[in-house]
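Note sheet for the following structure.
Number of protein chains: 2
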Amino acid sequence: MVGPTTYFDESTVDRLDARTADLVRRRAAALGPAYRLFYREPLEFVRGERAHLFDADGVDYLDAYNNVPSVGHANPRVVAAIAEQAARLNTHTRYLSEATVAYAERLLATMPMPGEVMFTCTGSEANDLALRVAKAATGGEGVIVSWNAYHGITTEIAGISPSLVGLDGMAPWARAARGPVTDVPFAEAVAASLRELDAAGIRPAALIVDTVFASDGGFPDLEGLVEAVAAVRAAGGLFIADEVQPGFGRLGHGMWGFSRYGIEPDIVTMGKPMANGHPVAAMVARPDVLAPFGRDMRYFNTYGGNSVSIAAASATLDVLEDEQLIENARIVGGRLADGIRGLSDERILAVRGAGLFLGVDLVDEAFTLDVVNALRDRRVLLAASGPGNTTLKIRPPLVFDDADVDRLLTELAAVLASS
Amino acid sequence: MVGPTTYFDESTVDRLDARTADLVRRRAAALGPAYRLFYREPLEFVRGERAHLFDADGVDYLDAYNNVPSVGHANPRVVAAIAEQAARLNTHTRYLSEATVAYAERLLATMPMPGEVMFTCTGSEANDLALRVAKAATGGEGVIVSWNAYHGITTEIAGISPSLVGLDGMAPWARAARGPVTDVPFAEAVAASLRELDAAGIRPAALIVDTVFASDGGFPDLEGLVEAVAAVRAAGGLFIADEVQPGFGRLGHGMWGFSRYGIEPDIVTMGKPMANGHPVAAMVARPDVLAPFGRDMRYFNTYGGNSVSIAAASATLDVLEDEQLIENARIVGGRLADGIRGLSDERILAVRGAGLFLGVDLVDEAFTLDVVNALRDRRVLLAASGPGNTTLKIRPPLVFDDADVDRLLTELAAVLASS
Numbered sequence: 001m002v003g004p005t006t007y008f009d010e011s012t013v014d015r016l017d018a019r020t021a022d023l024v025r026r027r028a029a030a031l032g033p034a035y036r037l038f039y040r041e042p043l044e045f046v047r048g049e050r051a052h053l054f055d056a057d058g059v060d061y062l063d064a065y066n067n068v069p070s071v072g073h074a075n076p077r078v079v080a081a082i083a084e085q086a087a088r089l090n091t092h093t094r095y096l097s098e099a100t101v102a103y104a105e106r107l108l109a110t111m112p113m114p115g116e117v118m119f120t121c122t123g124s125e126a127n128d129l130a131l132r133v134a135k136a137a138t139g140g141e142g143v144i145v146s147w148n149a150y151h152g153i154t155t156e157i158a159g160i161s162p163s164l165v166g167l168d169g170m171a172p173w174a175r176a177a178r179g180p181v182t183d184v185p186f187a188e189a190v191a192a193s194l195r196e197l198d199a200a201g202i203r204p205a206a207l208i209v210d211t212v213f214a215s216d217g218g219f220p221d222l223e224g225l226v227e228a229v230a231a232v233r234a235a236g237g238l239f240i241a242d243e244v245q246p247g248f249g250r251l252g253h254g255m256w257g258f259s260r261y262g263i264e265p266d267i268v269t270m271g272k273p274m275a276n277g278h279p280v281a282a283m284v285a286r287p288d289v290l291a292p293f294g295r296d297m298r299y300f301n302t303y304g305g306n307s308v309s310i311a312a313a314s315a316t317l318d319v320l321e322d323e324q325l326i327e328n329a330r331i332v333g334g335r336l337a338d339g340i341r342g343l344s345d346e347r348i349l350a351v352r353g354a355g356l357f358l359g360v361d362l363v364d365e366a367f368t369l370d371v372v373n374a375l376r377d378r379r380v381l382l383a384a385s386g387p388g389n390t391t392l393k394i395r396p397p398l399v400f401d402d403a404d405v406d407r408l409l410t411e412l413a414a415v416l417a418s419s
Numbered sequence: 001m002v003g004p005t006t007y008f009d010e011s012t013v014d015r016l017d018a019r020t021a022d023l024v025r026r027r028a029a030a031l032g033p034a035y036r037l038f039y040r041e042p043l044e045f046v047r048g049e050r051a052h053l054f055d056a057d058g059v060d061y062l063d064a065y066n067n068v069p070s071v072g073h074a075n076p077r078v079v080a081a082i083a084e085q086a087a088r089l090n091t092h093t094r095y096l097s098e099a100t101v102a103y104a105e106r107l108l109a110t111m112p113m114p115g116e117v118m119f120t121c122t123g124s125e126a127n128d129l130a131l132r133v134a135k136a137a138t139g140g141e142g143v144i145v146s147w148n149a150y151h152g153i154t155t156e157i158a159g160i161s162p163s164l165v166g167l168d169g170m171a172p173w174a175r176a177a178r179g180p181v182t183d184v185p186f187a188e189a190v191a192a193s194l195r196e197l198d199a200a201g202i203r204p205a206a207l208i209v210d211t212v213f214a215s216d217g218g219f220p221d222l223e224g225l226v227e228a229v230a231a232v233r234a235a236g237g238l239f240i241a242d243e244v245q246p247g248f249g250r251l252g253h254g255m256w257g258f259s260r261y262g263i264e265p266d267i268v269t270m271g272k273p274m275a276n277g278h279p280v281a282a283m284v285a286r287p288d289v290l291a292p293f294g295r296d297m298r299y300f301n302t303y304g305g306n307s308v309s310i311a312a313a314s315a316t317l318d319v320l321e322d323e324q325l326i327e328n329a330r331i332v333g334g335r336l337a338d339g340i341r342g343l344s345d346e347r348i349l350a351v352r353g354a355g356l357f358l359g360v361d362l363v364d365e366a367f368t369l370d371v372v373n374a375l376r377d378r379r380v381l382l383a384a385s386g387p388g389n390t391t392l393k394i395r396p397p398l399v400f401d402d403a404d405v406d407r408l409l410t411e412l413a414a415v416l417a418s419s
């Protein structure tokens, strides 16, 4: 599944300056072939601040790509929380911790349904756990995902990630619904997948979707999702909202992508921006959904929910609230989307998205990759996405401000003018 | 699989003081049923230093259990490295990083074979990746583990962890060899598992063992392991050394548990003490073993090998080397083992282990659980382990010193005298 992408082509290493070429070669020798570097000319950063990354020469790059440092690179409040807690204690969930319980309660208060939290370290682990829980709760095994879904990298989760392993590489109990990247309405696509599972004698356990459909190109308000969820539930399956991409306010309205639909998920998973880059993730499940798994199975994630992770996650949530970053995502993201539309370039086919998650459909893949690399050369970071690599993915830290928007628009206009 | 253990029984919550009972109840409501608390009377700590944990009243507990904070709770050099790097930059492996490459090179220099590193966040993720790599490299699917193995919590890895899911819960392609906890020699046990796989038409992909067999009760120098590895290789499978428990010097001689055998593993996984509690883990594989996976698959672990993780792991390795903690584990662990043998209590059946990983076999499960809880009441932390919960697991931070040994021996003697 490694096609033409925005990744560096290692056969071109000789084109790089001597120091960079040496580091790339050492990296290839030490880290092996499954790793990728961004861009035709790779970058190395040494410092970050708000939505800006700086290289060793102090050159300022505008970060319109990285969603993990959501409250800003090296956010001082999060850094202080990590440093203070690490200096006191970092221990696990088999001892009591007031802070861990308090953070879990705070997280649950953002959910529309009753729930219980389980902490993991990565979104992959959270999704992997969600499938274990859903299978135990339903007695079913079948899992339905979107056509170009990406949910993570464990064996189980790679098997439900067609964007990573291809349709042929999917697990035998998994089905990719033909949406939302086709003309098939999503509810129909999921209904067809349910019929496929039924024909194969596989009982459905869950429909799991990234509620902004990031790897499908970005669809924050997908028609038919509510109906698809209802059909899966009628067939005995659960609905898992994968909030790793849209969660924690990225879409500029509410904390979670599913809240745009008025859906109450059975299970919610979250990760990336949860602690601004510290390795923290979690799963929330309705108590009755979690009960069968909890009755039969113990679960201990050594680092999951440890003292420093909780301190980092709590501080990140503090900043998100105190600096009203969800509202900022809505306002600044709206300005950015309007500005891109205002460029009125016929090679821009559509500007989709919500808040600070924007997908900009361009005319073809080669052009998209050229734009991404030309922007990199003009010190603006973003990426290509979608099944055909024809969508610019714009997904900056939520502290993106008006000056950042202006700079992105200026550089994008310049790239379009010279392409 | 949740039998009588050293975990807290939530039906006894009313016995606790009001504040603790309230926190336990809130915790149960927020975190759900799959979580466990240690001890008949749970503990909450607020500070740690070297091999000591302190509660809110400043009471000092001797930590003879936690192997994760290997270079000492809240080690100041590791804390400083985390704080400094977090304040500068925390980013991922798709940008170049001199520090990440340098740490990988340093790790590879500890291996007896050529290798390439892939970073994950947890030992579970590292083992999950190792199986993906082994299956891609061999074209086989069968995995052999020890009789009471524990390798982690993803769906794939739970399926090779009989101590977690029971023999009945294992994956259909996995087999538990009847050793080392039975009288069957390990090489014979693995040979029998190979025959079982062959009879089922399953090609072997790997034998994976925790090289100190921690969940089996602790066997650092197991007879027959070398022969078992040779037999698996002859059948087309690989050998994966799971170093999550013994790795980074715990056994007091060399960095890795496998080095006691003169074996060159095909794949090595590591985690827990790697960054003293910061969520970092890794897999090292021979380049030819990794090549098929790397050719067909990209792998991106969002937090894996990020800037702060690498800073934490590098500082931990610095302290391990500068303070000669492997040598300390050998000397202090030897004193501790001798001291326990010197207690000459007939209810102590055997003292096994190496360095600061000791398994003390006691006469039966009830007695073992009583000893663990009585030690907790005397401010010494350890746990019960092994298939029948009849082994005291002693596994302190590697900074354990002579005074810590004396205190543990004094308290253990007192508990034995009054039991």
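Chains as they are written, first to last, in full-length UniProt numbering: chain A, 1 to 419; chain P, 1 to 419. Ideal placement from N, C-alpha and C gives every residue a C-beta, glycine not left out. Bear in mind that the values here come from a model prediction, so they are computed numbers and not experimental data.
Excluding sequence positions up to five away, which residues of its chain have a Cβ less than 7 Å from the Cβ of residue i?
i	result
G271(A)	T122, G123, A126, V244, A281
A64(A)	V380, L381, L382, I394, P396, L408
D60(P)	H52, F54, R379
A315(P)	R77, V78, A81
T269(P)	G123, A126, N127, A130, I240, D242, E243, V244, M283
M118(A)	L129, A282, M283, Y299
V190(P)	I144, A177, L207, A228, A231, V232
R47(P)	F54
Alpha carbon to alpha carbon, how far is residue i from residue j?
i	j	result
P397(P)	V143(A)	43 Å
V256(P)	D216(A)	The residue asked about is misnamed: residue 256(P) is Trp in this sequence, not Val. Going from the Cα of W256(P) to the Cα of D216(A) covers about 43 Å.
Q85(P)	A87(A)	15 Å
V232(A)	T110(A)	25 Å
T15(A)	A21(A)	Reading the sequence as shown, one finds Arg at residue 15(A) and not Thr. Rounded to the nearest angstrom, the two C-alpha atoms are 8 Å apart.
R330(A)	H253(A)	7 Å
N67(P)	P246(P)	9 Å
L89(A)	R132(A)	31 Å
Q324(A)	F8(A)	37 Å
L392(P)	L197(P)	34 Å
R50(A)	S70(A)	9 Å
V363(P)	A136(A)	37 Å
F213(P)	P220(P)	7 Å
G72(A)	N306(P)	16 Å
In or out: residue i buried (at least 16 other Cβ within 10 Å) or exposed?
i	result
L375(P)	buried
S418(A)	exposed
D210(P)	buried
R286(P)	buried
D266(P)	buried
R27(P)	buried
T390(P)	buried
L167(P)	exposed
S11(A)	exposed
Using 8 Å as the threshold, is the C-beta distance between residue i and residue j below it?
i	j	result
T155(P)	D128(A)	yes
R298(A)	A34(P)	yes
F38(A)	Y95(P)	yes
A134(P)	A205(P)	yes
L238(P)	T100(P)	no
G140(A)	R203(A)	yes
I160(P)	A177(P)	no
V405(P)	R352(P)	no
F186(A)	E223(A)	yes
S97(A)	E44(P)	yes
Take residue i and list the residues in its own chain whose beta-carbon comes closer than 6 Å to its own, dropping the five residues that flank it on each side.
i	result
V184(P)	R178
Can we count residue i as close to the ligand GTP, meaning its CB is less than 7 Å from some heavy atom?
i	result
F367(A)	Annotation note on the ligand GTP: not contained in the displayed structure, which lists no ligands.
Where are the beta strand (DSSP E) runs, 3 residues long or more, that stay fully inside the segment 64-133 of chain A, in chain order?
116-120
Alpha helix (DSSP H) runs wholly inside the segment 165-241 of chain A, at least 4 long, in chain order
186-199, 225-234
Please specify which runs of the alpha helix (DSSP H), each continuous and at least 4 residues long, are wholly inside the segment 355-419 of chain P, giving them in chain order.
365-377, 402-418
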